[in-house]
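Under the numbering used here, the first residue of the sequence shown is numbered 1051, with each subsequent residue one higher.
Note that the Cβ used here is the ideal one computed from N, Cα and C, for glycine as well.
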Amino acid sequence: MNRMKKITLLGASLMLSLATSIAHADLKVFATVPEWGSLAETLGGDKVKVFTATTGLQDPHRIQARPSLIARARSANLLIATGSGLEDGWLPVVQREANNPDILPNRPGYLATTQFVRMLEVPAVVDRTMGDVHAAGNPHIQTDPRNLLPIAKAISARMQQLDPDNTVYYQNLLGQFEQSWQANLQRWQKQAAPLRGVKVWYQHDGYPYMNAWLGLNQVGVLEPRPGVEPSSRQLAEILQRQQALQARMVVASSYMNDAPSKWLSEKADIPVVVLPFTVGGNEQVKSLTSLYDDTLQRLLAALK
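Encoded structure:
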């Protein structure tokens, strides 16, 4: 074989190798919070490689834009965020420093899940004196599992757009998820019947979507303003209100300092319920299904 043929064959081999590596490359997904990371893994299967920027024990509002997050965002094909202000304290810095235009807003590589559900608690007016209030509405949409159906469709459609060669694969996984999720929703609805109308205190106003799902009656919030811990005087006033309201429990999230909830629990003689809030919020919650199973179990146990 002469030298020219060897060079030609070597070049063809390299081109084939490159084409193969591209065809089998993972779709790299950067998820801001665990619920979207878990959903992306479910909908993408072995065609995606998912990195989740936060854990279930971190406050998603208060994250540092670390170099490791910037490095992950730099190579991402798809960034899935909650949006509506949840990540405003850190995500824009990550996007800017990553120098990856594909994952900027209004590009195919950026998806904000709050765009696909009806937002609750949208304030008429917002100013700094109100604390961590989100102008677009309460962003904690994951506390209602019904919201995951339209969000799953949106994520799957975006994966298909970015990776059209695997469209049928993504469509099949979406169909499997929708079927299993509908069954879960029916099961949870039956289990949750005793919770309808139950009066509940919350440490932080993070559960309006769960209230809409389960029919819980939120009588008040311990925080005087979102993100601000109550003073001893404010807690004493809440305890006085509790005497008339007779709420059945006080709810906190696992990523919080739940000392205010424990105080009210002890003084009012009602149970404190620490909910996982997202995947990884406690050792039992390792998937989206277990997130809602665990949430219901804890709420129902507080009624006994």
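Candidates the options, of which the one nearest residue i by Cα
i, options, result
"Asp-1096", "Tyr-1220, Arg-1157, Leu-1141, Asn-1197", "Tyr-1220"
"Gln-1292", "Tyr-1252, Asn-1307, Ser-1303, Tyr-1259", "Tyr-1252"
"Arg-1348", "Leu-1289, Gln-1290, Trp-1231, Gln-1241", "Gln-1241"
"Gln-1232", "Ala-1174, Arg-1168, Leu-1198, Glu-1333", "Leu-1198"
"Val-1324", "Val-1300, Ser-1337, Glu-1316, Ala-1318", "Val-1300"
6 Å Cβ shell around residue i - same chain, five flanking residues per side excluded
i, result
"Lys-1354", "none"
"Phe-1080", "Phe-1101, Arg-1122, Ala-1123, Ala-1126, Leu-1129"
"Pro-1195", "Tyr-1342"
"Ala-1103", "Thr-1082, Leu-1119"
"Trp-1140", "Ile-1113, Ala-1115"
"Pro-1084", "Thr-1102, Gly-1106, Thr-1328, Val-1329, Gly-1330"
"Asp-1152", "Gly-1159"
Own chain residues within Cβ distance below 7 Å of residue i, not counting five before or after
i, result
"Lys-1249", "Asn-1267, Val-1269, Leu-1295, Gln-1296, Ala-1297, Arg-1298"
"Ile-1205", "Leu-1089, Ala-1090, Leu-1093, Ile-1130, Leu-1161"
"Gly-1034", "Because the chain spans 1051 through 1354 in this model, residue 1034 falls outside it and cannot be assessed."
"Pro-1274", "Pro-1280, Gln-1284"
"Ala-1148", "Ile-1120, Ala-1123, Arg-1124"
"Thr-1339", "Asn-1234"
"Pro-1326", "Gly-1106, Ser-1304, Asn-1332, Val-1335, Leu-1341, Asp-1344, Thr-1345"
CA-to-CA distance, residue j to residue i, given in whole angstroms
i, j, result
"Pro-1166", "Pro-1200", "Note on residue identity: the sequence assigns Phe, not Pro, to residue 1166. Each residue's Cα considered, the two are about 6 Å apart."
"Thr-1070", "Pro-1214", "With a pLDDT of 38 at Thr-1070, under the threshold of 50, the predicted position of this residue should be treated as unreliable, though the coordinate-derived value follows. Cα to Cα, the separation comes out at about 16 Å."
"His-1190", "Val-1322", "20 Å"
"Pro-1276", "Ala-1185", "13 Å"
"Gly-1133", "Leu-1170", "14 Å"
"Leu-1212", "Val-1098", "11 Å"
"Tyr-1305", "Arg-1237", "27 Å"
"Arg-1246", "Val-1271", "19 Å"
"His-1254", "Val-1143", "26 Å"
"Asp-1319", "Ser-1311", "11 Å"
"Ala-1309", "Ser-1315", "10 Å"
"Gln-1145", "Gln-1226", "33 Å"
"Tyr-1257", "Thr-1193", "6 Å"
Residues near residue i in its chain [Cβ-Cβ closer than 8 Å; skip 5 each side]
i, result
"Asn-1156", "none"
**Asked** Whole beta strand (DSSP E) runs in the stretch 1117–1144 with 3 or more residues, listed along the chain?
**Response** 1128–1131
**Message:** Does the contact criterion of 3 or more C-beta pairs under 8 Å hold for the stretch 1256–1264 versus the stretch 1281–1289?
**Reply:** no
**Item:** Whole alpha helix (DSSP H) elements within the stretch 1233–1278, 4-residue minimum
**Value:** 1258–1264
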